[in-house]
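Below: the structure, in structure tokens.
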Amino acid sequence: MIAVVGSLNLDLVVPAPHHPVPGETVLGGDLARHPGGKGANQAVAAARLGAPVAMVGRVGDDAEGGRLLAALGDAGVDTGRVARTAGVATGHALITVDPAGENTIVVSPGANSRLTADDCHSAADQLGAAAVTVLQREVPDEANEAAARLAGGTVLYNPAPAVTGATVPPGVDLLVPNRTELAALTGRPVPTTLDEVASAARRLTGPGAVLVTLGEDGVLLVEGGSHLHLPAYPVEPVDTTAAGDAFCGALAVALAEGAGLEAATRWASAAAAVSTTRAGAQPSLPHRAEVHEVYARTGNAVAAVGGKERGES
Ligand code: RIB
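Right, here's the structure in full:
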């Protein structure tokens, strides 16, 4: 079983010819509303890949909260530990997506910001039994810290969104940042080369391994003194929203099923690649057969084009 502690948002998505700069108004396309939130996306990603999943979170007692709970239920996620907070709006995310599929996101956390350590204690049975517990940063740190303490299995922490000065909760086994989040955690500039990324990841003591997601550059797996670069699967992205969530959900599933870290990372990269070929957060998250098809079909092609680069230091 996989437990996800985290956010649920209603995503308000507008396609735009380009992202606005401060002071600029941009005329975009038609508004779409999708279920989202990093936590809920990761829960749905894992459930679509066949895992039993329990979600811990909060929504408001409004219509949007009901819609998000229904979406999780439709995906097969156990929502028994998602509480409804009276008088507080459900979380929302305002998202623009440009023609290259790149997004900008502003989150209004609403009820997500009311998640407490006590909420996690109420889910102690689920957290204790989970093979993998998945955490992110759209809920208060105190909830994540409690969840990491209560977790009986592997703790996977996705420190998104990035905030300078953020810390990794004690008890995290596996850290999954992107470059920006890595910079925020280390308090240093955003690393560019693979060596810079590896050396930044090694500054973070605590997690047993760090998996840095690099978008179209793939993933860098940093464990102890060695690092392994896995190139991205070749796809034409339409919308990269929730690609990191697809990665985390799939990684949790593969690890819960007993895969080694390298194989789990390759599988998770395939899930993330498929998710970028479709619009929206939860609507883009793939089913198991689709991930397997990309994993099997392009795994060899990726190896032939670049293969993996292993570094030691
Ligand atoms: O990671 C994508 C998610 O970030 C969106 O669904 C949005 O809700 C924000 O939480």
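Going by the working numbering, the sequence shown runs without a break in its numbering and finishes at 891.
Ideal placement from N, C-alpha and C gives every residue a C-beta, glycine not left out.
Just so you know, these numbers come straight off a predicted model, no measurement behind them.
Run the CB neighbour count on residue i, radius 10 Å, all protein chains shown included, and call it buried at 16 or more, exposed below.
i: residue 804; result: exposed
i: residue 626; result: buried
i: residue 859; result: buried
i: residue 770; result: exposed
i: residue 766; result: exposed
i: residue 684; result: exposed
i: residue 882; result: Legend: pLDDT at residue 882 = 36, less than 50; position of this residue unreliable, value from coordinates given subsequently. Classification of residue 882: exposed, given that the 10 Å Cβ count is below 16.
i: residue 823; result: buried
i: residue 783; result: exposed
In whole angstroms, what separates the C-alpha of residue i from that of residue j?
i: residue 810; j: residue 818; result: 13 Å
i: residue 755; j: residue 799; result: 11 Å
i: residue 892; j: residue 753; result: The question about residue 892 has no answer here: the residues shown for the chain are numbered 579 through 891.
i: residue 873; j: residue 699; result: 38 Å
i: residue 595; j: residue 820; result: 20 Å
i: residue 681; j: residue 731; result: 33 Å
i: residue 736; j: residue 745; result: 12 Å
i: residue 801; j: residue 721; result: 27 Å
i: residue 666; j: residue 642; result: 11 Å
i: residue 579; j: residue 655; result: 11 Å
i: residue 678; j: residue 702; result: 42 Å
i: residue 614; j: residue 777; result: 33 Å
i: residue 724; j: residue 692; result: 14 Å
i: residue 869; j: residue 780; result: 30 Å
i: residue 607; j: residue 785; result: 42 Å
i: residue 705; j: residue 601; result: 45 Å
Could you check where the alpha helix (DSSP H) with residue i kicks off and where it finishes?
i: residue 636; result: Segment 631 to 638 is the beta strand (DSSP E) holding residue 636; no alpha helix (DSSP H) there.
i: residue 651; result: 641 to 652
i: residue 622; result: 616 to 626
i: residue 667; result: Element bounds for residue 667: n/a, residue is neither H nor E.
i: residue 702; result: 702 to 707
Measuring CB to CB, does residue i end up less than 8 Å from residue j?
i: residue 813; j: residue 855; result: yes
i: residue 622; j: residue 581; result: no
i: residue 604; j: residue 598; result: yes
i: residue 588; j: residue 646; result: yes
i: residue 715; j: residue 739; result: yes
i: residue 688; j: residue 638; result: yes
i: residue 586; j: residue 617; result: yes
i: residue 861; j: residue 612; result: yes
i: residue 760; j: residue 741; result: no
i: residue 834; j: residue 709; result: yes
i: residue 792; j: residue 844; result: no
i: residue 857; j: residue 825; result: no
i: residue 697; j: residue 636; result: yes
i: residue 863; j: residue 690; result: no
i: residue 624; j: residue 830; result: yes
Hey, could you find the ends of the beta strand (DSSP E) residue i is sitting in?
i: residue 686; result: 681 to 686
i: residue 589; result: 587 to 593
i: residue 655; result: Segment: none, residue 655 is in no beta strand (DSSP E) and carries neither H nor E.
i: residue 581; result: 580 to 583
Hey, is residue i's beta-carbon within less than 8 Å of any beta-carbon in chain B?
i: residue 636; result: The displayed structure is made up of one protein chain only, and chain B is not part of it.
What are the start and end residues of each continuous beta strand (DSSP E) run of 3 or more residues lying completely inside the stretch 780 to 840, in chain order? Within the stretch 780 to 840, the complete beta strand (DSSP E) runs of at least 3 residues are 787 to 791, 797 to 801, 804 to 808.
Which whole runs of the beta strand (DSSP E) in the stretch 712 to 794 are 3 residues long or more, in chain order? Taken in chain order, the complete beta strand (DSSP E) segments of 3 residues or longer contained in the stretch 712 to 794 are 732 to 735, 787 to 791.
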